[in-house]
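Reviewing the structure listed below.
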Amino acid sequence: MQLSQGLLPTGGLLFQSQGFQGQGVKVAIIDAGFSGLYWAVKHRVLAAGAIVFKKDYTGKGLLTGGEHGSAVAEIVHEMAPRAQLYLMKIGDEVDLENAVDDAIRLGVRVINCSLGWFDTDFDDGTGLINEIARRARAAGILWVNAAGNQAQAHWIGRFRDSNHDGWAEFALGKQSLALKVPLGGLIDLVLVWNDWPTTDQDYDLYLTDSRGKVLASSQNRQTGTQPPREELQYVADHPGVYFVRVRAHWATRPMWLRLFQIESGAYFEKPIPHGSLVAPADCSCTLAVGAVNRERWSSGPQESFSALGPTFDGRIKPDLVGPDGVDNLFFSNRFGGFLGTSAAAPHVAGAAALLLSQHPGWSTAQLKAALRGDATDLGPPGPDVTYGAGELDLILGWPSAARHVQHTGSAVRPGERLVVSINLQMPLGRFGGLRLQEKPPAGFRIVPLDNGGGEFDPGSSAWSWPAAAPGRTIWLRYALVLSPEIKPGRYRLKGTINGRPVEGDSLLTVGRGRTLRAELAALRPQRRASGYLWSALMAPGAAGRGWRLQVFNLAGRVVFSFSATIKRALVWSEQDRLGAPVATGVYLYLVTVDTAQG
16 MQLSQGLLPT GGLLFQSQGF QGQGVKVAII DAGFSGLYWA VKHRVLAAGA IVFKKDYTGK
76 GLLTGGEHGS AVAEIVHEMA PRAQLYLMKI GDEVDLENAV DDAIRLGVRV INCSLGWFDT
136 DFDDGTGLIN EIARRARAAG ILWVNAAGNQ AQAHWIGRFR DSNHDGWAEF ALGKQSLALK
196 VPLGGLIDLV LVWNDWPTTD QDYDLYLTDS RGKVLASSQN RQTGTQPPRE ELQYVADHPG
256 VYFVRVRAHW ATRPMWLRLF QIESGAYFEK PIPHGSLVAP ADCSCTLAVG AVNRERWSSG
316 PQESFSALGP TFDGRIKPDL VGPDGVDNLF FSNRFGGFLG TSAAAPHVAG AAALLLSQHP
376 GWSTAQLKAA LRGDATDLGP PGPDVTYGAG ELDLILGWPS AARHVQHTGS AVRPGERLVV
436 SINLQMPLGR FGGLRLQEKP PAGFRIVPLD NGGGEFDPGS SAWSWPAAAP GRTIWLRYAL
496 VLSPEIKPGR YRLKGTINGR PVEGDSLLTV GRGRTLRAEL AALRPQRRAS GYLWSALMAP
556 GAAGRGWRLQ VFNLAGRVVF SFSATIKRAL VWSEQDRLGA PVATGVYLYL VTVDTAQG
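Take the sequence shown: its letter number 419 is residue 434 in this note's numbering, and every next letter is one higher.
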């Protein structure tokens with residue numbers, strides 16, 4: 016089994032090191048396909064013994080329908096390696112209900128569902144899908160659901176028709192909504208309005224090209240017994256901009272409309288991201304999970320596609336956010352990793368299994384409260400409609416690290432060497448591994464002095480301690496050597512301790528190369544055996560440096576030049592380059608000191 020890139024930032028690795036690895040917890044993964052499952056077992060990203068139940072409810076085969084479910088199972092297993100996995104493949108609402116029946120019967124404690132339904136309610140937690148999820152919740156199951164990826168492919172607004180021609184206006188005077196299709200392919204548009212479960216308000220959906228030619232439409236009749244929905248599909252054979260239109264075929268009152276483009280890739284030119292969750296993520300009975308890329312985990316923002324709240328009835332959703340963009344057998348880092356709220360949700364489901372292995376007697380309400388209550392807040396203070404309660408955080412007290420740079424003076428100079436001390440602290444009540452990584456800017460080099468009992472990897476400039484006892488304090492020291500060629504300016508030291516930023520000194524100001532103080536000695540003229548006079552240029556502390564002395568007359572001609580590595584002084588006997596005495600007068604001295612040795 017490999018280590019998930021979501022383990023460190025969420026605290027899962029330290030939790031596992033305490034012995035809580037999901038043992039005794041049954042997790043159901045409800046998904047649309049488990050292609051590649053046996054490949055995952057063969058490559059040991061999924062342990063065969065962890066899969067205790069698998070069932071296809073569609074009649075088309077468990078190993079069909081794509082690799083999505085296998086990729087989700089991989090993340091749950093990496094987060095909670097000793098949890099028992101129940102793999103359930105579904106295709107529709109009937110399959111979902113049958114799968115939930117089995118989950119209840121088999122004693123499942125956590126369900127991960129990285130799926131969503133666009134046309135069963137109006138983002139208010141009602142409808143058939145939410146009723147199925149609510150039944151699982153009543154049976155003591157925590158339902159973790161992906162919030163959805165349609166923030167940029169969603170529009171909501173009340174039907175408006177100022178010129179009374181029957182066509183909806185998406186903005187004042189705008190009767191079409193631009194849809195950008197970067198690569199061509201399938202366009203799948205869904206229109207719903209807030210008159211569930213059946214309606215006699217009849218709206219139709221159209222897709223046109225830039226000239227207004229209708230390419231596809233959905234004109235189902237709603238006469239009082241049909242659901243308020245329309246859906247059209249069209250295969251775009253080239254990239255470009257298409258246009259969505261909505262017409263009131265028969266409507267006696269203005270409804271609220273929602274539009275989704277549910278195939279990945281295409282997006283609305285002017286989307287409305289808020290209120291873009293789908294069922295059952297919009298249900299109060301589920302834990303809806305948005306996504307923050309693991310590379311931006313410490314600061315955000317959320318993924319641009321991650322669905323936002325609030326729900327149509329005013330509740331805050333999502334409930335929290337998890338990491339995506341993680342390396343996966345089926346989604347390589349070369350292509351950004353496993354992206355989407357589908358990847359974020361199983362991190363939370365796996366975390367729930369870890370908590371239940373530590374607290375097997377917890378109720379679903381206690382489990383949900385712990386996941387939300389321990390989350391690290393992002394965005395405005397308190398729960399919000401972007402991050403919910405915040406980022407998944409399994410650790411009440413994070414390991415900390417504080418950096419101190421031992422330096423006197425306002426600026427450090429090229430070629431100099433600084434000593435950096437870092438104090439690491441494992442919080443009380445926590446036990447596990449520590450990994451400190453320093454990330455010096457280009458032109459800085461780390462030379463370890465005291466590794467504090469850890470192992471140093473020069474390739475990544477990281478120290479690691481496999482097991483740190485609760486309350487342990489670690490001191491380490493290293494030298495930070497500046498390149499002689501580094502340019503003046505301000506530089507920032509960056510570092511992380513278990514994925515969290517190192518605190519303390521971080522800014523360094525690099526000045527220009529060292530300017531040596533040189534003094535022209537006003538020596539008393541002396542008559543030597545040769546009869547020549549001499550003077551000296553003194554530079555205390557410059558021993559061993561390469562010097563070059565040039566003497567110019569007032570006409571700008573060099574009358575003397577000398578280069579050498581000297582101790583403390585360079586002496587000119589007031590002769591020209593041919594050895595003849597120079598004439599009485601005023602001369603200019605130019606001294607160049609080699610600083611390449613620091």
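Idealized CB from N, CA, C, for every residue including glycine. These numbers come from a predicted model, not from an experiment.
Pair within 8 Å by beta-carbon distance, residue i and residue j
i, j, result
"Leu292", "Glu246", "no"
"Phe283", "Leu194", "yes"
"Thr379", "Leu157", "yes"
"His264", "Gly199", "no"
"Ser372", "Gly37", "yes"
"Gly305", "Thr267", "no"
"Ala368", "Thr25", "no"
"Ala294", "Gly142", "yes"
"Leu323", "Leu386", "no"
"Ala98", "Ala65", "yes"
"Pro455", "Ser313", "no"
"Ile512", "Leu433", "no"
"Ser50", "Gly81", "yes"
"Val42", "Ala384", "no"
"Arg149", "Trp271", "no"
"Gly181", "Arg262", "yes"
"Phe185", "Phe327", "no"
Alpha helix (DSSP H) segment containing residue i, residue limits
i, result
"Gly27", "27 to 32"
"Trp54", "52 to 57"
"Asp116", "108 to 121"
"Arg149", "143 to 153"
"Gly172", "Looking at the DSSP string, Gly172 is not in any alpha helix (DSSP H); the run it does join, the beta strand (DSSP E), is 169 to 173."
"Ser279", "No alpha helix (DSSP H) contains Ser279, which DSSP labels as neither H nor E."
"Val91", "83 to 94"
"Ser357", "356 to 373"
Given residue i as reference, the closest of the options once Cα atoms are compared
i, options, result
"Tyr257", "Pro197, His264, Gly80", "Pro197"
"Val159", "Asp176, Asp136, Arg268, Arg124", "Arg124"
"Arg120", "Asp139, Phe68, Arg487", "Phe68"
"Gln276", "Trp312, Asp217, Pro456, Ala166", "Ala166"
"Thr289", "Thr401, Asp392, Gly394", "Just to set this straight, residue 289 is His in the shown sequence, not Thr. Nearest C-alpha to His289: Thr401."
"Pro333", "Arg311, Gly352, Ala390", "Ala390"
"His419", "Leu508, Lys383, Arg460", "Leu508"
"Pro398", "Pro338, Ile461, Arg330", "Arg330"
"Phe577", "Gly155, Val259, Leu605", "Leu605"
"Asp134", "Ala88, Ala86, Asp210, Arg97", "Asp210"
"Thr79", "Leu52, Val87, Gly474, Pro485", "Leu52"
"Gly458", "Lys75, Ile45, Lys285, Arg428", "Arg428"
"Gln216", "Gln234, Gly39, Lys228", "Gln234"
"Trp170", "Gly163, Leu206, Ala494", "Leu206"
"Pro338", "Val87, Leu61, Arg262", "Val87"
"Ser498", "Val115, Arg460, Ser476", "Arg460"
"Thr213", "Met94, Asn178, Arg244, Pro596", "Arg244"
"Glu2", "Thr240, Phe353, Val496", "No answer is possible for residue 2: it lies beyond the span of the chain, which begins at 16 and ends at 613."
"Pro7", "Trp490, Gly468, Ser475, Pro473", "Nothing can be reported for residue 7: it is not among the residues displayed for the chain, which extend from 16 to 613."
"Ile44", "Ala55, Glu93, Leu100", "Leu100"
"Ser425", "Arg236, Leu523, Pro485", "Leu523"
"Gln317", "Asp117, Lys285, Ala359, Tyr506", "Ala359"
"Glu278", "Thr301, Gln248, Cys300, Gly519", "Gln248"
"Val435", "Gly447, Asp465, Leu407, Leu449", "Asp465"
"Ala484", "Gly594, Ser476, Gly474, Gly448", "Gly448"
"Lys502", "Asp591, Arg527, Ser347", "Arg527"
Beta bridge counterpart(s) of residue i as assigned by DSSP
i, result
"Cys300", "Note: Cys300 sits in no beta bridge, so no partner."
"Leu102", "Ile44, Lys69"
"Leu247", "Leu204"
"Ser576", "Gln565"
"Ala404", "None, per the DSSP bridge assignment."
"Gln452", "Ala477, Thr511"
"Phe185", "BP columns for Phe185 are empty, so no partner."
"Ile156", "Looking at the DSSP assignment, Ile156 forms no beta bridge with any residue, so it has no partner."
"Phe471", "Trp478"
Expected contact under 8 Å - CB spacing of residue i and residue j to nearest Å
i, j, result
"Leu130", "Ala47", "6 Å"
"Met441", "Arg487", "5 Å"
"Val92", "Leu344", "Checking the sequence, you will find His at residue 92 rather than Val. Actually they do not touch by this definition, with Cβ atoms about 11 Å apart."
Extent of the continuous beta strand (DSSP E) run through residue i
i, result
"Ser232", "229 to 233"
"His264", "255 to 265"
"Lys195", "192 to 196"
"Thr488", "488 to 497"
"Gln440", "432 to 440"
Cβ of residue i within 8 Å of any chain C Cβ
i, result
"Arg226", "Note that chain C does not occur in the displayed structure, where there is just one protein chain."
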